[in-house]
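Residue numbers (UniProt numbering): 1 to 369.
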């Protein structure tokens, strides 16, 4: 009886042990939680990054945005309210004022150091380059403009258009009339003189004494003349005919269709207060430049005796010139002082229409300036 009781107890203990073992396998026993002593530093969970102890405290990021791994701030372009950009170098706190780049301003890349693009030649006047536009070294005329000081008295036009006749004195050796005959015509012609004639100064003096005005014929200007060449030529004209009211580019023009030469001549005329007379041939660059610069200027409508026409034909050309003058409120023609040409002029003047009036070339030039 006693032996049976002991055996039962032992069997119960064994069964209980087997039950506990089965429970431990099916449900792991949780580890005991270790509590750090008071005052010790807290250890972050293993799943969270450990902050760098030397980095400055960072502001908390909004939810869902991870901070960049590099702690150094990146340069950014900031936009102003008007759409302009602030350069990255001018970040807040840099101490410098923001540099604003607006559309259409600044020099772009063309002037940046080391840039070799956009270096095409520019249209302009490089230093040391002679474009032919330099004004001539001519002092302004003392006492006023030459075209006003040495001009013949203008007519009493009373609203009528003016017609000017430029009479070219070729000299007796070429078959032309002498100054005394020309001066005695009693017509307000403008006499053009060749500055290379040996007695040109005396001829000019005689015309001026008779009350006529004189102009100087352009001479001595070559096609490739320089600024100094033109200045020298113009100075020689003034020495030969000091009281000329204007320069006349003759039937075989020397400069009027060459823009660079025209600019040089017109600059000299403007400085001296002289006028310009050109031919109706070619582009007449000289006339264009003169008008742009405010120099008194007229273009001759015709050389009425260019082919040594006879007296009757010259008269008809003068009639057509008068009609042109009525249409365009003024006209100028050129004649050579050959006897037949002057005879045709006097015949025509005696019977000319009262709708137009003969006038010195200076009067017509000044009326258009």
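Heads up, the beta-carbon is just placed ideally off N, CA and C, and yes, glycines get one too.
The structure presented is a predicted model; accordingly, all values stated were derived computationally and were not measured.
Considering only 368, 210, 313 and 323, the residue with the shortest C-alpha distance to residue 180 is 210.
Taking the CA atoms as reference points, residue 148 sits about 9 angstroms from residue 274.
Sequence-distant Cβ neighbours of residue 305 in its own chain, meaning closer than 6 angstroms and more than five residues away, are 314, 335, 336 and 341.
Within the model, the alpha-carbon separation for residue 163 versus residue 354 is close to 12 angstroms. Put simply, of 159, 187 and 169 the residue whose alpha carbon is nearest the alpha carbon of residue 152 is 187. Burial is judged here by how many other beta carbons sit within 10 angstroms of a residue's own beta carbon; residue 278 has at least 16 and is buried. For residue 147, the enclosing alpha helix (DSSP H) has its first and last residue at 146 to 149. Less than 7 angstroms separates the beta-carbon of residue 216 from that of residue 241. Cβ-Cβ distances below 6 angstroms link residue 206 to 179 in the same chain, with the five nearest sequence neighbours on each side left out; the list follows chain order. Taking the CA atoms as reference points, residue 346 sits about 32 angstroms from residue 291. In this structure, the beta-carbon distance from residue 161 to residue 326 falls below 7 angstroms. The DSSP-derived three-state label of residue 275 is strand. Under DSSP, residue 166 shares a beta bridge with 190 and 334. For residue 196, the CB contacts under 6 angstroms within the same chain, skipping 5 residues up- and downstream, are 219 in chain order.
With a 10 Å radius around the Cβ and a threshold of 16 neighbouring Cβ atoms, residue 328 comes out exposed.
Inter-residue distance for residue 366 and residue 183 is about 23 angstroms (C-alpha atoms, whole angstroms).
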